[in-house]
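Those protein sequences? They're chains A and B, same order as listed. Here the first sequence is numbered in the numbering used here, starting from 791 and rising by one per residue. Here the second sequence is numbered in the numbering used here, starting from 3 and rising by one per residue. Below is one structure; the comments refer to it alone.
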Amino acid sequence: MTDHADQLREAFETYENQTPDPAAVFARVQQLSAKYKRRRRGLKVASGAALAAVAVAGVVTLPNLLPGNARNTSTVGFPAGAVPTSAAPSTIPSMSPADLERYWAAYFQAGYDYDDAVQLSALWHVKANIGNVKAEAGRRLLAGETLPFPATPNPPDPTSDPNDPAVKAEQAQLAAFFDNGYTWTEAEKLAKIWHLSDPSDAKVMAGKKLLAGETLPVKPTPANVAAAKQQKQVDAFFTKGYNVDDAIRLAKLWHLKDAWAAKVEGGKRILAGQTLPIQP
Amino acid sequence: MARLQSLLRYAVVLTGDRDLAQDVVQEVLARAHSRWRRISASDSPEAYVRRMVLNEYLSWRRSWQFRHVHAVGERLVDLDDARGGVVDHAEGVVEADALWARLSTLGRKQRAVLVLRYYEQLDDDQIAELIGCAPATVRSHASRALRTLRLSERERIHAEEKS
């Protein structure tokens, strides 16, 4: 077991129970599911019988994942007071489950989404569950009111394109920063020196300078330099296709104390262009 | 109910955002509902749905950055509310809070790898299959994520650990 594994598990376990209200999730699933089924029905008029079988199968079996049981899944089975207003204080009045469903439907049908609700929440200065903000907006739409802004179209996928030269350059700069033994601590110091508000930007700038052969005003600790060098060697070991079982075999072969030492030694030899005595 | 809660917990840990977790799970379950016959024929329908949640998270197309930045503050406030406003100074909790905040700076794949490895307890080969990459890429994601989280200095990897 490692320190970092324990720390990560503790962080995950500390926050895992910050879940949304299952009743609200269930209500929305019902609503979305009905919408999808209508869409499918429109597309597959000719295969109505098969669709019905799918729908029935869903109703009968999916409740294993949803609250309630097979008998009540065709209706929204909220327990009393289980509307999603309990999670956070709100200036938005409580709504019945049926109202919530209607309001959410109106909200989504008008093309609004989660991000719009977040913006509405800020504009209205309400600290409420976003689901309630969506419902309040839906209520206003049904009442014939207009919301402060039109529904915003979804932007293109924000995931970085790994083949984008700018992304590649930044990756190389970050790699240079870490591979030279710098860490967050130095990034914070550099950000201060360079008057950058975000140490992450300092990492990129530092990496750029390191790649250009420049010297940085802050030095990494010798221990971190050694650790970074080792990490680079270990990365090379894995990138070549070797795994931990290979490392254990190599450790025995080279009479090293453990597999970690074998990964380091193996990576060192790989980076030097040598061939290891076993194949991955 | 227990399974839905388990799925929601997984989604919260994966996304780091209660509202995004809700959106992702709703979307997935609604789609699962409409093709349940095929899903129920799989070896483990529950694992199948969890995989759908992972894929949905990795391919979520909506305004990520805005949600991301906003949700971090929201979430910490929520947590404080949940504790009844009493600040817990226990070192472990403070560390967990800080680490949770730093996790939000990771890319989606890096975060997913850590969640699958340390929360779902999967090995790198299983993670590679789920994410659709080579095991070496999984290790690279994990390694970079741990560095970003400033955990690498404390790494003590034993021979039997698949790092």
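All residues carry an ideal CB built from backbone N, CA and C; glycine is no exception.
Within its chain, find whatever has a CB closer than 8 Å to the CB of residue i; leave out the 5 residues flanking it on each side and keep chain order.
i: B/L108; result: L116, A147, T150 and L151
i: A/D1048; result: A1041
i: A/Q1069; result: none
i: B/R104; result: T150, L151 and R152
Just curious, the alpha helix (DSSP H) that residue i is in, first and last residue?
i: A/L890; result: P887 to Q899
i: A/V923; result: I920 to L932
i: B/R53; result: P47 to L60
i: B/Q112; result: R110 to L116
i: A/P810; result: Premise fails: A/P810 is in no alpha helix (DSSP H) and is neither H nor E.
i: A/W1050; result: A1049 to L1061
i: A/N1132; result: Here chain A covers residues 791 to 1070 and nothing more, so residue 1132 of chain A does not appear.
i: A/W974; result: W974 to I983
i: B/W125; result: The identity of residue 125 of chain B in the sequence shown is Asp, whereas the question assumes Trp. Looking at the DSSP string, B/D125 is not in any alpha helix (DSSP H), and its letter there is neither H nor E.
i: B/V27; result: R20 to S36
i: A/R1039; result: V1034 to L1043
i: B/H143; result: P137 to T150
Determine, using beta carbons only, whether residue i and residue j come nearer to each other than 7 Å.
i: A/A1052; j: A/L1001; result: no
i: B/V27; j: B/L9; result: yes
i: A/L822; j: B/A13; result: no
i: A/K998; j: A/Q963; result: yes
i: A/G928; j: A/W894; result: yes
i: A/P1007; j: B/L6; result: no
i: A/E891; j: A/A824; result: no
i: B/Y175; j: A/L798; result: It is not possible to answer for residue 175 of chain B, since the shown part of chain B is limited to 3 through 165.
i: A/F1028; j: B/A138; result: yes
How many angstroms separate the CA atom of residue i from the CA atom of residue j?
i: A/E1004; j: A/K958; result: 20 Å
i: A/Q961; j: A/V994; result: 8 Å
i: B/Q123; j: A/A977; result: 32 Å
i: B/S42; j: B/M54; result: 14 Å
i: B/S106; j: B/L132; result: 21 Å
i: A/P911; j: A/D905; result: Residue identity differs from the one stated: residue 911 of chain A is Ser in this sequence, not Pro. When rounded, the distance between both Cα atoms is 10 Å.
i: B/Q24; j: A/P810; result: 6 Å
i: A/R1039; j: A/L986; result: 47 Å
i: A/I983; j: A/D903; result: 41 Å
i: A/A801; j: A/P887; result: 34 Å
i: A/W974; j: B/V140; result: 22 Å
i: A/F939; j: A/N922; result: 18 Å
i: A/L913; j: A/T936; result: 14 Å
i: A/N1033; j: B/A136; result: 12 Å
Please check if any C-beta of chain A sits within less than 7 Å of the C-beta of residue i.
i: B/V71; result: For B/V71, the pLDDT reaches just 37, beneath the cut-off of 50, and the residue's location in the model is therefore unreliable, although a value from the coordinates is still provided. Chain A, which has no Cβ nearer than 7 Å to the Cβ of B/V71, makes this no.
i: B/V27; result: yes
i: B/L132; result: no
i: B/G87; result: Here the model assigns B/G87 a pLDDT of 38, short of 50, so the residue's position is not dependable, and the following value carries that caveat. It does not: the Cβ of B/G87 has no partner Cβ on chain A nearer than 7 Å.
i: B/D90; result: Any answer about B/D90 is weak, because its pLDDT of 43 lies below 50 and its placement is not dependable; what the coordinates show is given next. B/D90 does not count as touching chain A.
i: B/L31; result: yes
i: B/V115; result: no
i: B/H35; result: yes
i: B/Q112; result: no
i: B/D21; result: yes
i: B/V15; result: yes
i: B/C135; result: no
i: B/V56; result: The displayed chain sequence assigns Leu, not Val, to residue 56 of chain B. Judged by the 7 Å Cβ criterion, B/L56 is not in contact with chain A.
i: B/R52; result: no
i: B/Q123; result: no
Closest Cβ-Cβ distance between residue i and chain B: below 7 Å?
i: A/T1065; result: no
i: A/I1068; result: no
i: A/L822; result: yes
i: A/P812; result: yes
i: A/R818; result: yes
i: A/V923; result: no
i: A/T804; result: yes
i: A/G848; result: Because A/G848 sits at a pLDDT of 34, beneath the cut-off of 50, its placement in the model cannot be relied upon, and the following sentence gives the value as read from the coordinates. True, the Cβ-Cβ gap to chain B drops below 7 Å.
i: A/T1029; result: yes
i: A/L1097; result: Within the shown structure, residues of chain A are numbered from 791 to 1070, placing residue 1097 of chain A beyond reach of any answer.
i: A/A1062; result: no
i: A/F967; result: no
i: A/E978; result: no
i: A/H1045; result: no
i: A/E935; result: no
i: A/E960; result: no
i: A/L913; result: no
i: A/W894; result: no
Among the residues of its own chain, which have a CB less than 7 Å from the CB of residue i, if the five just before and after it don't count?
i: A/Q1020; result: V1054
i: A/W1050; result: none
i: A/P1067; result: L1043
Only counting the same chain, and skipping five residues up and downstream in sequence, which positions put a Cβ closer than 6 Å to that of residue i?
i: A/A1106; result: Given that chain A is displayed from residue 791 to residue 1070, the structure contains no residue 1106 of chain A and the question cannot be resolved.
i: B/Y59; result: L16, T17 and V26
i: A/G971; result: P1010, N1014, V1015 and A1018
i: A/A1037; result: A1049, A1052 and K1053
i: A/Q909; result: none
i: B/H143; result: K111, Q112 and V115
Run down chain D in chain order and give the residues with a C-beta less than 7 Å from the C-beta of residue i.
i: B/L148; result: In the structure shown, chain D cannot be found, because the protein chains are A and B.
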